[in-house]
Structures are given as C-alpha cells and as structure tokens.
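Heads up: the sequence shown begins at 3 in this note's numbering, then just goes up one per residue. The structure appears right after this line, and notes come after that.
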Amino acid sequence: GRMKVNSRLSRPSGEGSMVLQDEDILETIKILVNLRNGKGEVDDIDHLGNRRVR
3 GRMKVNSRLS
13 RPSGEGSMVL
23 QDEDILETIK
33 ILVNLRNGKG
43 EVDDIDHLGN
53 RRVR
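Structure follows, in structure tokens:
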C-alpha cells in the first residue's frame with residue numbers, strides 16, 4: 003500500500019496522508035514514462051526485500 007508507494011517515490015514512509023495525492027499520480031506517471039524509455043529499473047517481484055512480514 004502506502005508504504006510501498008512512498009518507498010518507490012523516495013519519500014519518508016511516516017509523512018503525508020494515507021490517500022493518493024495529485025503529486026503521487028504525477029510521480030507515478032513520470033516513473034512509468036521513464037521505464038518505457040529505458041531509464042530506471044523494474045522491481046523484482048520474487049525478491050524477498052519486496053515482501054513485507056506482518
């Protein structure tokens with residue numbers, strides 16, 4: 003959820019509200035465009051660092 007979005011957007015995890023803001027949508031679109039253009043890296047879904055233990 004929000005923790006993963008904050009980490010992907012390089013934001014502190016404890017700051018901000020729990021709902022999506024306009025800035026979140028814009029940053030996500032920028033990341034997707036950069037990925038499409040060959041810049042950046044995709045997350046490895048099988049890596050244990052991408053999983054959260056409850």
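Where a beta carbon is used, it is the ideal one built from N, C-alpha and C, also for glycine.
Taking the Cα positions, residue 34 is about 21 Å away from residue 14.
In the DSSP assignment, residue 4 falls within the unbroken alpha helix (DSSP H) covering 4 to 10.
In this structure, residue 11 lies away from residue 24, with their beta-carbon atoms at least 8 Å apart. DSSP places residue 32 in the helix class (H, G or I) of the three-state scheme. The Cβ-Cβ distance between residue 50 and residue 44 does not fall below 8 Å.
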